[in-house]
Amino acid sequence: MNSTRAVGGTRVRLAMTPMIDVVFLLLVFFVCTVRFERNEAVYTLDLPQRGRTADPLALQERALVIRIGARASDAVPIDVQADGLRERLGSFDALAAALMRVRRGDAADGNNAGLFVADHPVLITPTSDCGWQDAVDAFNAAVRAGFRNIGFARSGA
Amino acid sequence: MRQALVRISRIDADLTPLIDLAFLLIVFFVLVARMSGEQLPAIPLPQPNAVAATPAGTARRLAVNVLAEDGGAVLMLGGERFAADSSGLDRLASAIARRLRSDPTVPVDIRADRSLAYRFVEPAIHAITAAGTQAGARVTIRVCALQAEGGKP
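Protein chains in written order, with our numbering: chain A, 9 to 165; chain B, 89 to 241.
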């Protein structure tokens, strides 16, 4: 390869080897840094903090329990149980809507009639043969409804 | 009168080897950082319809991977594999506790195959909780899911 050319009477010498060297290094660098993973999202689990309540006379809050059964064909049995509430639902969108109805909002969102504040504990209780996808779907529905203290219970608890 | 001799010398700074070396160093550090970080195997994570979770980001995290294998599950922390029996779970809890002792603030993520039943993932949650107790740290457990293409719907 001719790397020497005459330009206006002067000879310009192009050193190709270091150039290719740097180009390959750039290539290796981008190959190493590129990520083909899809976006991952995370839900933070709520774990009980022992001795958190300073007031020993404070009432223990009964959790809002969401029981998820094993998927039969296309339907998942979802039961929502809490004080003054017992509902059976057939989809996670319906679960999110039901949880939104019972969550007490602030003055801004207008739902002051809800039974439970956003910090009320929500316990997802999947059966042992319930799919992980369905358990996470239930968790997602509770997050969508605006609840903040959500945890998983022992299976079948 | 003596004529002063002025010697003109040219200093040519050849930047190519310098850039070459700089890139080599960058590549080296990128590779070392990746090797020392927690490994994240490709797992079909759960993908809820309208994801309301927060992006995992690039901050340091411990990932407990729960992989479907031979009709059961295998747990992984970094490159280390743990059986889903009681001794394997004890070893997993000890391994997480060791890491939590060096950095108690690091969150522990559960990356589980969406095709698994809950009973295969549940032991991982208990192992992480046990690790937090062993390390005397308030451990932050997070569940990983896949975000829909293009962010939150």
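Beta carbons are placed, not taken as given, at the ideal position from N, Cα and C, and that holds for glycine. Quick caveat, the model's predicted, so the values are computed rather than measured.
Can you tell me whether DSSP reads residue i as helix, strand or coil?
{"i": "B/ALA144", "result": "coil"}
{"i": "A/GLN89", "result": "strand"}
{"i": "A/THR18", "result": "strand"}
{"i": "A/MET98", "result": "Checking the sequence, you will find Gly at residue 98 of chain A rather than Met. The answer is coil: DSSP assigns A/GLY98 none of H, G, I, E or B."}
{"i": "A/LEU53", "result": "coil"}
{"i": "A/CYS40", "result": "helix"}
{"i": "B/ASN137", "result": "coil"}
{"i": "A/ASN148", "result": "helix"}
{"i": "B/ILE114", "result": "helix"}
{"i": "B/LEU128", "result": "coil"}
{"i": "A/ALA83", "result": "strand"}
{"i": "B/ASP100", "result": "coil"}
{"i": "A/THR25", "result": "helix"}
{"i": "A/ARG112", "result": "coil"}
In terms of alpha-carbon separation, which member of the options lies closest to residue i?
{"i": "A/ALA83", "options": "A/ALA71, A/ASP91, A/LEU72 and A/SER99", "result": "A/SER99"}
{"i": "A/ASN157", "options": "A/SER136, A/PRO134, A/ARG111 and A/ASP87", "result": "A/ARG111"}
{"i": "A/PHE147", "options": "A/LEU123, A/LEU107, A/ALA90 and A/ARG70", "result": "A/LEU107"}
{"i": "B/LEU234", "options": "B/ALA172, B/VAL209 and B/ILE198", "result": "B/ILE198"}
{"i": "B/ASP191", "options": "B/GLY224, B/ILE131, B/GLY145 and B/ALA140", "result": "B/GLY224"}
{"i": "A/ALA126", "options": "A/ASP142, A/ARG109 and A/TRP140", "result": "A/ARG109"}
{"i": "B/ASP102", "options": "A/MET27, A/GLU48 and A/ARG19", "result": "A/MET27"}
{"i": "A/GLY154", "options": "A/LEU22, A/ALA105 and A/ARG79", "result": "A/ALA105"}
{"i": "A/SER81", "options": "A/CYS138, A/VAL130 and A/PRO134", "result": "A/CYS138"}
{"i": "A/HIS128", "options": "A/ASP54, A/ARG96 and A/ARG79", "result": "A/ASP54"}
{"i": "B/THR146", "options": "B/MET164, B/VAL194 and B/ILE213", "result": "B/VAL194"}
{"i": "B/ARG189", "options": "B/ASP201, B/GLY176 and B/LEU150", "result": "B/LEU150"}
{"i": "A/GLU95", "options": "A/ARG75, A/ARG79 and A/GLY113", "result": "A/ARG75"}
{"i": "B/ALA138", "options": "A/PHE160, A/ALA150 and A/GLY159", "result": "A/ALA150"}
{"i": "A/GLN89", "options": "A/ASP101, A/VAL36, A/PHE124 and A/ARG79", "result": "A/PHE124"}
{"i": "B/PRO211", "options": "A/VAL130, A/PHE160 and A/ASN47", "result": "A/PHE160"}
{"i": "B/TYR44", "options": "A/ARG162, A/ARG152, A/PHE37 and A/LEU103", "result": "As shown, chain B starts at 89 and ends at 241. That puts residue 44 of chain B outside it, with no answer to give."}
{"i": "A/ARG152", "options": "B/ALA130, B/ARG148, B/ILE114 and B/THR142", "result": "B/THR142"}
Where does the unbroken alpha helix (DSSP H) through residue i begin, and where does it stop?
{"i": "A/LEU159", "result": "Leu is not the amino acid found at residue 159 of chain A; the sequence shown has Gly there. Element bounds for A/GLY159: not the alpha helix (DSSP H) but the beta strand (DSSP E), 158-160."}
{"i": "A/LEU123", "result": "Element bounds for A/LEU123: n/a, residue is neither H nor E."}
{"i": "B/ASP197", "result": "Here B/ASP197 belongs to no alpha helix (DSSP H); instead the beta strand (DSSP E) covers 196-200."}
{"i": "B/PHE170", "result": "Not the alpha helix (DSSP H): B/PHE170 falls in the beta strand (DSSP E), residues 168-171."}
{"i": "B/LEU177", "result": "174-190"}
{"i": "B/ALA88", "result": "With chain B covering only 89 through 241, there is no way to say anything about residue 88 of chain B."}
Using 8 Å for Cβ pairs, my map puts residue i next to residue j. What's the rounded Cβ distance?
{"i": "B/LEU204", "j": "B/ALA161", "result": "6 Å"}
{"i": "B/PRO136", "j": "A/VAL73", "result": "In fact, because the Cβ distance is near 20 Å, the residues do not count as touching under 8 Å."}
{"i": "B/VAL152", "j": "A/VAL50", "result": "Not confirmed; about 13 Å, so no contact."}
{"i": "A/LEU33", "j": "B/ASP178", "result": "About 46 Å; that fails the 8 Å criterion."}
{"i": "A/TRP140", "j": "B/PRO132", "result": "Not quite, the Cβ-Cβ distance comes to about 10 Å (not below 8 Å), so this is no contact."}
{"i": "A/PRO85", "j": "A/GLY77", "result": "4 Å"}
{"i": "B/ALA171", "j": "B/ALA218", "result": "Not really, about 16 Å apart at Cβ, beyond 8 Å."}
{"i": "B/VAL53", "j": "B/ASP100", "result": "With chain B represented from 89 up to 241, any question about residue 53 of chain B goes unanswered, as that position is not in the structure."}
{"i": "B/LEU165", "j": "B/ILE184", "result": "7 Å"}
{"i": "B/VAL196", "j": "B/THR221", "result": "Not a contact, Cβ separation roughly 13 Å."}
{"i": "B/LEU119", "j": "A/CYS40", "result": "6 Å"}
{"i": "B/PHE111", "j": "A/VAL31", "result": "Contact doesn't hold; Cβ gap of about 10 Å is too wide."}
{"i": "B/ALA144", "j": "A/GLU48", "result": "4 Å"}
{"i": "A/VAL36", "j": "B/VAL115", "result": "6 Å"}
What first and last residue would you give for the beta strand (DSSP E) that runs through residue i?
{"i": "B/GLY160", "result": "160-165"}
{"i": "B/GLU157", "result": "150-157"}
{"i": "A/CYS138", "result": "From DSSP, A/CYS138 is part of no beta strand (DSSP E); its letter is neither H nor E."}
{"i": "A/PHE71", "result": "A quick correction: the sequence has Ala, not Phe, at residue 71 of chain A. Note, A/ALA71: premise wrong, no beta strand (DSSP E); not H, not E."}
{"i": "B/ALA233", "result": "229-234"}
For residue i, which residues in chain D fall below 9 Å Cβ to Cβ?
{"i": "A/VAL110", "result": "The chain inventory of the structure shown lacks chain D, comprising the protein chains A and B."}
Task: Positions along the segment 123-137 of chain A whose CB lies within less than 8 Å of some CB in chain B - done: PRO134, THR135, SER136 and ASP137
Task: Contact residues within the segment 136-153 of chain A, judged by C-beta distance below 7 Å to chain B - done: SER136, ASP137, CYS138, GLY139, TRP140, GLN141, ALA143, VAL144, ASP145, PHE147, ASN148, VAL151 and ARG152
Task: Residues from the segment 16-37 of chain A in contact with chain B, defined by Cβ distance under 8 Å - done: ALA23, PRO26, MET27, ASP29, VAL30, LEU33, LEU34, VAL36 and PHE37
- [ ] Name, going along the chain, the residues of the segment 71-105 of chain A whose beta-carbon falls closer than 9 Å to a beta-carbon of chain B.
- [x] ILE76, ALA78, PHE100, ASP101 and ALA104
Task: Residues, ordered as in the chain, of the segment 94-113 of chain B that lie near chain A by beta-carbon distance below 8 Å - done: THR104, PRO105, ILE107, ASP108, PHE111 and LEU112
Open item on the list: Against chain A, which members of the segment 178-198 of chain B pass a CB distance test of less than 7 Å?
Closed with: ASP197
Task: Positions along the segment 133-158 of chain B whose CB lies within less than 9 Å of some CB in chain A - done: LEU133, PRO134, GLN135, PRO136, ASN137, ALA138, VAL139, ALA140, ALA141, THR142, PRO143, ALA144, GLY145, ARG149 and VAL154
TODO: With 9 Å as the limit, tell me which residues of the segment 198-213 of chain B have their beta carbon closer than that to any beta carbon of chain A; keep them in chain order.
DONE: ILE198, ARG199, ALA200, ASP201, ARG202, SER203, LEU204, ALA205, TYR206, ARG207, PHE208, VAL209, GLU210 and ILE213
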